[in-house]
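Visitor: Line by line, the protein sequences are chains P and A. In terms of my numbering, the numbers along the first sequence are unbroken and rise by one, the last being 934. In terms of my numbering, the numbers along the second sequence are unbroken and rise by one, the last being 320. Have a look at this one before I ask anything.
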Amino acid sequence: MPDLLLELRSEEIPARMQRKAAGDLKKMLTDGLVEAGLTYEAAREYWTPRRLTLDIRGLTARSKDIHEDIKGPSTTAPEQAVQGFLRKAGLSSIAEAHVHSDPKKGDFYVAHISKPGKAAEEIIAALVPDIIRNFPWPKSMRWGPASAKPGSLRWVRPLQSILCTFGPETEEPVVVDFEIDGIRSGNVTWGHRFLAPGEITVRRFDDYVGKLEAAKVVLDADRRKEIILADARNLAFANGLDLVEDEGLLEEVSGLVEWPVVLMGEFEEAFLAIPAEVIRLTIRANQKCFVTRPQGEGEALSNRFLLTANIEARDGGKEIAHGNGKVVRARLSDALYFWTTDQGDLPDLGQLQASAKKFGLDLKKPLDQRMARLDHLNVTFHAKLGTQGERVERIARLAEALAPIIGADPALASRAAVLAKADLTTEVVGEFPELQGAMGRKYALLQGEPASVAAAIEEHYKPQGPSDYVPSDLVSVAVALADKLDMLVGFWAIDEKPTGSKDPFALRRAALGVVRIILENKLKLSLGFAIAAAVSSALAAYEQKGEGAQSRGVVAMLDGRIRDYKGVSQLLSEAGLISELLKGGLAKANLETFGSNDQEREFFDGQRLMELDASLSPFIADLLSFFHDRLKVYLRDQGARHDLIDAVITPASDDLLQIVRRVEALGSFLDTEDGKNLLAGTKRAANILAAEEKKKTQIAPTVEPALLRLDAEKSLFAAMNQAEKQAGEAIQNQDFSAAMLALSVLREPVDSFFEGVLVNDEDQQVRANRLALLARIRAATGQVADFSKIAG
Amino acid sequence: MTIEIPAHMHPSRSFQGLILTLHNYWAAYGCVILQPYDMEVGAGTFHPATTLRALGPRGWNAAYVQPSRRPKDGRYGENPNRLQHYYQYQVILKPNPPNLQELYLGSLKAIGVDPLLHDIRFVEDDWESPTLGAWGLGWECWCDGMEVSQFTYFQQVCGIECAPVAGELTYGLERLAMYVQGVDNVYDLNFNGREGADKVTYGEVFLQAEQEYSRHNFEYANTAMLLRHFDDAEAECKALLEAGAPASNDNLPMHKMVFPAYDQCIKASHVFNLLDARGVISVTERQSYILRVRNLAKACGEAFLKTQAGGLAA
């Protein structure tokens, strides 16, 4: 069976596009071959900066002949129908058709069509130009004289040659001949641009790889990566160093060379005063070099770096290493300049007084100056959500409010929040945005901030996903929660919620972050309260600025939204639910410690809260249900049963820790015999009740002991009183296992009740009383979970 | 072809030797060797020999040195690598010849960069000029990790598709000279290739100017006047384009005043750069200034297509 070799050689393809392009080429060509009726045994793609190559083995030499009969109209059909048939079957006259007889239909025409199979070469010659013309490059270009005319060939960079040979192992392969925009396929390629620039004539893949290697081209990108990694490790080791490995960089570097040669360069030790991460990123981003550390060092870097050249230089690479060292030194001088500039005074301190006053900043301190500047520059956070300065104001107020509830020092939380975004205006973060937070922490420590304030500046961005680090220092926790809640409340207010796969502001990640912070730190926190506090922080800012403020931001939006809600009576009816919850949250919050200024105190003080509450509730409920969704995903990933989560969560559940404890307690309870039976009994009671409620049968509002007649119902009633009381107390103490245990004693009397008592008594009063008893069962278990939602 | 030059004029010894070698190389190829454009521009691309001549169907091969002004990059002469005034060597070949990469590598060899000794690389860099409404695909050309040139296949200029595509090479002359002369500070470059008392350094020629212009760019440029100049240049550009526009009864709808109009576009662009360096343009205003310059560039580009050089059939 013949093999196909295809090479598309071009000017240098961007490293980041090579792997995918080679994969696309394989998929498009193999799909096309199969569609044309060919089969193949194996296909593999290769790439270098200058070529995409495809090796297809065991391709069938031709597609099969196809025979088919096309039925036509009756021999008596009108001329028009006959002509239509001729066109469809591709016949030139009806004499070419055959006549078949059918006992029912009579005589009709049939065309015997046979299409001979096509030679694979013919198929390939048609397919490849088509693929080249329609190749899915992220960005493509035109070039050369041909580009004077519209519709000229596009490729990622100018396409220079096409090699395409086809043939079985036992014979001399042939060139599959085709041409596209003046480039004619052939059996020739070229070696390394500098080391072996001559022509190479190729027969098939085996000699192609060997000849390329001889011409200083390593075709296989994974092999180039192995070579670079092994050589880099060895070179580092030989110099008493460890390579700082970097898979992303390795992939990129392997796409920049055809003949990798690893060399070592160095810079002055004085530059090691720059933070290691800044050095690494400087050298990586600008020079695409690896850094090293002294053997056994955890953090500190050495002053030696590793570069990957594309040539074996005549002098063994001395000039190359020297030249790269010079550039690295120039870049590190810039980095050192950034690092020291960030620790010095800004030139425009005079203009920053107003901002400094607003945030209580000390303009003698560099990071405080940067925060003042961030505010002063009116950098936009989001067009509808105001500036970064306004956002920091909100976060600081919120972090301060949340701090006492979670046990953090409010002053530290406020200070950390005020400085949290300051590093966005530093030179280093301007150069390397990925260092936001990390640089703020370093600069904060340098100006003598408390360790927890410095840590919070870095950690308030965390966690960034399901497996990222969750902050545990309580100051970090307060600021991290405030940062995320402000985002969520803000984007909810302007109605930029995630939909489907679209979540441009990463709000799901923010909500998951809140969930993980609360659960992994075992925080007792009412989310309803936290959301209300975030809203109030925004409103407080609005109060201060007034209607005419330059940027009304989130607060104006929120205000509009709340007014919208106010008119909607249906939404108002949901308010009662949340109102309770808010009060619960506020009670916990301890009004004495809440609020740092009069406006907030006023806001959280009775009248205004009540007014706002009614309109705010649907907003909170909506956001709360978004948190519930994130929580469910999180708990399911942890292996929790989704039916148990559903049974425990109600629209008003805003204590995430409690939800988790309930799910756990419920899970272990249902594993016991008592649990299983009580579940069955409760479900039975609930089903009866549901049926009777549907029929509108009278159900007594409370159980009347005097109407209890049978022992079984009397003992159930007695047990119920006992169990409800104990379970209620246990729940008060957040001890859900004890609550379950208390309920478990109901199992026996519930079973006896259903064995010995007929609910549907003739006496209407007795029946109503027994139904009330059933309702008590449902209510008692309902204290811990909605049993009707549990499977089984 | 090789042209014999005296040893002290070799690029490894003299800045002007580097320029002359490139001139010789591209002149030998057949380029028109132009002199710098006599206005302040931010890059060689702004020279009408590139911006305007990249448009339309006519072939065009040119090379020239262009002093480039980047007011914001001034460092009072204290940074060894950064200048508010430096030289670009610009080559434009339309349509790009199929062997443009080889031609470029040949020019490096001509100035003494041996690709078997130095690591030459083409690293992805998609070029875009928002003010000119231009973009292209190409590379940064690296020599031992240092970017020494920019290599671009123009796809669009003044918002107009290039047909055919032009290849543009831009050499950063000071960097390249520092490399071939083995010098770490731009001001130490040997300008004339002489030694001892006859030696003239880059610093002797330009250091004082760098200091003075940094003061001007950051501290003293009259912003109220510049803001006026920007508006004036914008208005003048539009007025000239209108005055030169083909009349409805012309046999040939030819535009008669594109180059003077384009000068005003260049002027507006430089004034904007100065205002930007003075820090009087806010983030939001910045966008709108860039857009205003781009609109001028686009209008000039469209007018150029209505001229002989732009391909209008005579």
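Note that CB positions come from ideal geometry on N, CA and C, so glycine has one too.
Ordered along the chain, which non-local residues of its own chain (more than five positions away) have a Cβ less than 7 Å from that of Asp893/P?
Guide: These residues qualify, in order along the chain: Asn819 and Gly823.
Visitor: Between Glu387/P and chain A, is any beta-carbon pair separated by less than 8 Å?
Guide: No, Glu387/P does not count as interfacial toward chain A.
Visitor: So, is the C-beta of Arg127/A closer than 8 Å to a C-beta in chain P?
Guide: Answer yes: the Cβ-Cβ gap between Arg127/A and chain P drops below 8 Å somewhere.
Visitor: To the nearest whole angstrom, what separates the beta carbons of Ile117/A and Pro252/A, a pair I think is in contact under 8 Å?
Guide: Actually they are not in contact, since the Cβ atoms of Ile117/A and Pro252/A sit about 45 Å apart, beyond 8 Å.
Visitor: Compute the distance between the beta-carbons of Trp148/A and Arg181/A, then report whether it is under 8 Å.
Guide: Their beta carbons are not under 8 Å apart, which means Trp148/A does not touch Arg181/A by this criterion.
Visitor: Have a look at Tyr93/A and Gln22/A and give me their C-alpha separation to the nearest angstrom.
Guide: Distance between the alpha carbons of Tyr93/A and Gln22/A is about 11 Å.
Visitor: Note down the Cα distance separating Glu722/P from Ser668/P, rounded to an integer number of angstroms.
Guide: Any reading at Glu722/P needs caution, since the residue's pLDDT is 38, under 50, leaving its predicted position unreliable; the model's value is listed next. About 12 Å.
Visitor: Which residues in the same chain as Pro640/P place their Cβ atom closer than 6 Å to its Cβ, once the five residues preceding and following it in sequence are excluded?
Guide: Contacts found: Leu649 and Arg650.
Visitor: Below 8 Å, can you find three or more Cβ-Cβ pairs linking the segment 190-207 of chain P to the segment 156-172 of chain P?
Guide: Yes, the segment 190-207 of chain P is in contact with the segment 156-172 of chain P.
Visitor: Classify Ile166/A as buried or exposed, calling it buried when 16 or more other Cβ atoms lie within 10 Å of its own Cβ.
Guide: Buried, by the Cβ-count rule.
Visitor: Taking only beta-carbon positions, decide if Gly151/A is within less than 8 Å of chain P.
Guide: Closer than 8 Å to some Cβ of chain P, the Cβ of Gly151/A qualifies, so yes.
Visitor: Please report whether the beta-carbon of Ala116/A lies at a distance below 8 Å from any beta-carbon of chain P.
Guide: Ala116/A does not count as touching chain P.
Visitor: Kindly identify the DSSP beta-bridge partner or partners of Lys644/P.
Guide: Answer by DSSP bridge pairing, in chain order: Thr641/P.
Visitor: Is there a Cβ of chain P sitting closer than 8 Å to that of Ala169/A, yes or no?
Guide: True, the Cβ-Cβ gap to chain P drops below 8 Å.
Visitor: Using three-state DSSP, classify Pro73/A as helix, strand or coil.
Guide: Strand at Pro73/A.
Visitor: Specify, as a first and last residue, the run of the beta strand (DSSP E) that Glu153/A falls within.
Guide: Run containing Glu153/A: Met152 to Val163, per the beta strand (DSSP E) assignment.
Visitor: Residue range of the alpha helix (DSSP H) that Asp237/A falls in?
Guide: Run containing Asp237/A: Thr229 to Gly250, per the alpha helix (DSSP H) assignment.
Visitor: Roughly how many angstroms separate the alpha carbons of Gly502/P and Pro266/A, rounded to a whole number?
Guide: Approximately 55 Å, taken between the alpha carbons.
Visitor: Express the C-alpha separation of Gln925/P and Glu834/P in angstroms, rounding to a whole number.
Guide: Distance between the alpha carbons of Glu834/P and Gln925/P: 22 Å.
Visitor: Quick one: does Glu461/P have its CB under 8 Å from some CB of chain A?
Guide: Yes, Glu461/P lies at the interface with chain A (some Cβ there is under 8 Å from its Cβ).
Visitor: What span of residues does the beta strand (DSSP E) with Arg127/A cover, start to end?
Guide: Where Arg127/A is concerned, the enclosing beta strand (DSSP E) stretches over Ile126 to Glu130.
Visitor: Cβ closer than 7 Å: which chain A residues qualify as neighbours of Trp285/P?
Guide: Per Cβ cutoff of 7 Å: Asn102, Tyr159 and Val171.
Visitor: If you check the beta carbons only, do Leu509/P and Ala564/P fall under 8 Å apart?
Guide: It is a contact, given that the beta carbons lie within the stated cut-off.
Visitor: Does the distance from the C-beta atom of Val404/P to that of Thr450/P stay below 8 Å?
Guide: Yes, the Cβ-Cβ distance between Val404/P and Thr450/P is below 8 Å.
Visitor: Given that Asn381/P touches chain A, what residues does it touch there, using C-beta distances under 9 Å?
Guide: Per Cβ cutoff of 9 Å: no residues; Asn381/P is ~19 Å from chain A at best.
Visitor: For Asn428/P, I'd like the list of residues in its chain whose CB is within less than 7 Å of its CB, leaving aside the five on either flank, ordered along the chain.
Guide: For Asn428/P, where only same-chain residues beyond five positions count, the Cβ hits under 7 Å are Arg473.
Visitor: Strictly below 8 Å CB to CB, what residues from chain A border Gln429/P?
Guide: Going along chain A in sequence order, the residues near Gln429/P (Cβ under 8 Å) are Gly151.
Visitor: Measure from the C-beta of Pro77/A to each C-beta in chain P and report whether the shortest distance is under 8 Å.
Guide: No, because no Cβ of chain P sits closer than 8 Å to the Cβ of Pro77/A.
Visitor: Assuming the contact rule is C-beta atoms closer than 8 Å, Val631/P and Val677/P should be a hit. Round their C-beta distance to whole Å, please.
Guide: At roughly 6 Å, the Cβ-Cβ gap stays under 8 Å, so Val631/P and Val677/P are in contact.
Visitor: Would you say Ala415/P and Leu443/P are within 8 Å of each other, going by their C-beta atoms?
Guide: Contact flag unset, no.
Visitor: Assign Asn902/P to one of two classes, buried (16 or more other C-beta atoms within 10 Å of its C-beta) or exposed (fewer than that).
Guide: Asn902/P comes out exposed.
Visitor: Does any CB atom of chain P fall closer than 8 Å to the CB of Leu195/A?
Guide: Answer no: the Cβ-Cβ gap between Leu195/A and chain P never drops below 8 Å.
Visitor: Just tell me which of Phe336/P, Asp373/P, Ala374/P and Ile370/P has its CA closest to the CA of Ala357/P.
Guide: Taking only the C-alpha atoms, the option nearest Ala357/P is Phe336/P.
Visitor: If we ignore side chains and look at the alpha-carbon of each, how far apart do Gln840/P and Ala910/P end up?
Guide: Cα to Cα, Gln840/P sits roughly 6 Å from Ala910/P.
Visitor: Answer with yes or no whether the minimum CB distance from Asp256/A to chain P is below 8 Å.
Guide: No - not a single Cβ of chain P is within 8 Å of the one on Asp256/A.
Visitor: Return the bridge partner residues of Val403/P from the DSSP annotation.
Guide: Val403/P pairs with Ala451/P.
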